Amino acid sequence: MKRVLLTGAAGFVGSHLAERLLNDGFEVVGVDNLCTGRSVNLTAFESHPAFRFVQADVSMDLPEELQSQKWDWIMHFASPASPPKYDARPIETLLVNGEGTRKLLDLCAKAGASFFFASTSEVYGDPLVHPQPEGYWGNVNPIGVRSIYDEGKRYGEALCFAYHRSKGVPIRVIRIFNTYGPRMDPEDGRVVTNLMFQALRGQALTIYGDGRQTRSFQYVSDLVEGIVRFMGVDHTGPVNLGNPGEFTILEFAGKVGQLIPSAGDLVFKPLPGDDPKQRKPDITLAGKLLDWSPRVDLEEGLRLTLDYFKNREIKES
Ligand code: NAD
Ligand code: UDP
């Protein structure tokens with residue numbers, strides 16, 4: 012049985028990935044310090060005989076029990092990911108993508124494991140090339156409010172390639188574009204959760220800026236499928252994983268309003284600093300390399316997410 016050390020397992024993406032890997036026959040040890048993740052995300056699979064959870068901060072020294080084991084894969088998904096969450100944890104965000112990545116790469120070199128790094132479309136910053144192919148180097152403000160996340164991930168990617176080139180550690184790097192779905196934290200401050208919960212509560216939908224900025228929204232099962240396919244291919248990446256369907260935030264609010272009729276009017280708020288004006292993945296490489304493309308469109312994905320929020324989050328609150 013192949014053994015995976017998965018950081019960020021109690022988070023939104025990490026919990027879906029853990030569940031999929033268990034279903035595919037992997038043994039998974041999930042590590043998380045629960046700073047933005049939630050133990051409720053583990054309930055679907057925590058009693059699986061091939062799963063174990065270790066609560067630990069991966070920016071600090073890893074627990075001895077994790078350092079002395081044999082791993083096939085170390086998959087690094089731990090990091091605050093929504094702008095309000097990383098704004099609130101600037102140093103921790105830099106550390107988990109810097110020091111945390113370095114410690115895990117060292118462990119890979121020692122344990123003979125392959126490393127999988129969850130990077131982000133934010134490495135492209137406020138992109139001047141549209142859509143964004145992997146060969147685009149980006150337009151990032153190195154000292155702006157988003158730099159803790161953007162530069163943290165860019166440094167994490169650089170570390171991956173340094174360990175690959177100098178120590179031969181096998182690596183896979185993905186750049187994830189805005190992803191949504193069940194198990195997102197309703198309080199994470201992203202546009203999907205903010206607008207869906209505002210609509211469910213009959214409140215006005217908050218639009219930052221004029222709402223003409225664009226994003227491309229990927230449903231979580233498509234991301235997980237891309238990740239699993241990439242594990243089976245000998246290629247370092249980076250590979251973009253995202254849904255190329257592009258929407259202005261005003262269009263996105265319109266979709267939420269159609270789905271949840273209790274939604275209030277729009278209310279306009281100031282645009283946060285360095286908020287990218289446009290974002291859309293070029294997924295040509297993922298198509299060729301992984302024979303992958305997203306299957307779930309925005310309407311269907313929002314419906315599935317709403318079902319989950321209605322059944323779980325609303326009842327629990
Ligand atoms: P999330 O906040 O739901 O999950 C991240 C998890 O990492 C949380 O459970 C958190 O508690 C844990 N964590 C953070 N710092 C840690 C530390 N020092 N030690 C141990 N655990 C720690 O976010 P997510 O949306 O699931 O994102 C998962 C990964 O994917 C992140 O690396 C993120 O940067 C990346 N990503 C996500 C998106 C997206 O749209 N969701 C887009 C691009 C990249
Ligand atoms: N946004 C918005 N209203 C909200 C939350 C976010 O208009 O309540 C905007 C935000 O300014 C950004 C876009 O929606 O332009 C996507 O924001 P999110 O935080 O989801 O992701 P990111 O900016 O990291 O792509």
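Under the numbering used here, think of the first position of the sequence shown as 12, with each following residue one higher. Every residue, glycine too, gets a C-beta built ideally from N, C-alpha and C. Note that the structure is predicted; figures quoted are calculated from it, not measured.
Reduced DSSP category for residue i - H, G, I as helix; E, B as strand; rest coil
i    : result
V134 : helix
F128 : strand
E257 : strand
H27  : helix
N251 : strand
D43  : strand
M86  : strand
E168 : helix
R4   : Residue numbering for the chain in the displayed model covers 12 to 328; residue 4 lies beyond these limits and cannot be assessed.
Residue i versus the options, residue with shortest Cα-Cα distance
i    : options                : result
F23  : I271, A92, G163        : A92
P60  : V156, E38, Y319        : E38
V203 : R183, G179, I271, V239 : I271
P281 : V180, G222, N251       : G222
H87  : A99, E110, Y97         : E110
L211 : G237, E168, G268       : G268
S90  : C119, G163, D245       : G163
L234 : P255, Q224, D245       : P255
A274 : G284, P283, F263       : F263
G179 : A55, S125, S26         : S125
R113 : V15, M12, E168, S232   : E168
L45  : F62, F208, S26         : S26
I260 : E236, M207, R306, G243 : M207
A67  : F56, D43, N322         : D43
The ligand UDP heavy atom lying under 8 Å from the CB of residue i
i    : result
Q66  : no
K291 : no
N205 : yes
I260 : yes
Per-residue burial, residue i [other beta carbons within 10 Å of its own, 16 or more giving buried]
i    : result
D72  : exposed
Q80  : exposed
N52  : buried
G355 : The structure shown does not extend to residue 355, since the chain spans only 12 to 328, so no value can be given for it.
R165 : buried
D245 : exposed
R176 : exposed
Q224 : buried
R194 : buried
K13  : exposed
T316 : buried
Residue i CB to nearest heavy atom of the ligand NAD below 8 Å
i    : result
H175 : no
I4   : Because the chain spans 12 through 328 in this model, residue 4 falls outside it and cannot be assessed.
I238 : no
G222 : no
A20  : yes
M195 : yes
K96  : yes
H87  : yes
K164 : yes
Other residues of its chain near residue i: CB distance less than 6 Å, five sequence neighbours each side excluded
i    : result
P189 : Contrary to the premise, residue 189 reads as Asn rather than Pro in this sequence. Excluding sequence neighbours, N189 sits near R226, F228.
R183 : F127, F241, G248
G149 : V134, Y135, G136
R201 : S93
G312 : Y230
Neighbourhood of residue i by C-beta, 8 Å cutoff - its chain only, sequence neighbours within 5 removed
i    : result
S132 : Q143, R186, I187, F188, N189, N251, G253, R290, P292
D302 : R240
V278 : A215, L216, T217, I218
Close Cβ partners of residue i (< 7 Å) along its chain, the five nearest in sequence each way excluded
i    : result
D276 : A215
D98  : V156
G106 : One detail in the question is off: residue 106 reads as Leu in this sequence, not Gly. S70.
S304 : I294, G298
R306 : D233
beta-carbon residue i near the ligand GTP non-hydrogen atom, thresh 8 Å
i   : result
S70 : By its list of ligands, the structure shown excludes the ligand GTP, since it contains just the ligand NAD and the ligand UDP.
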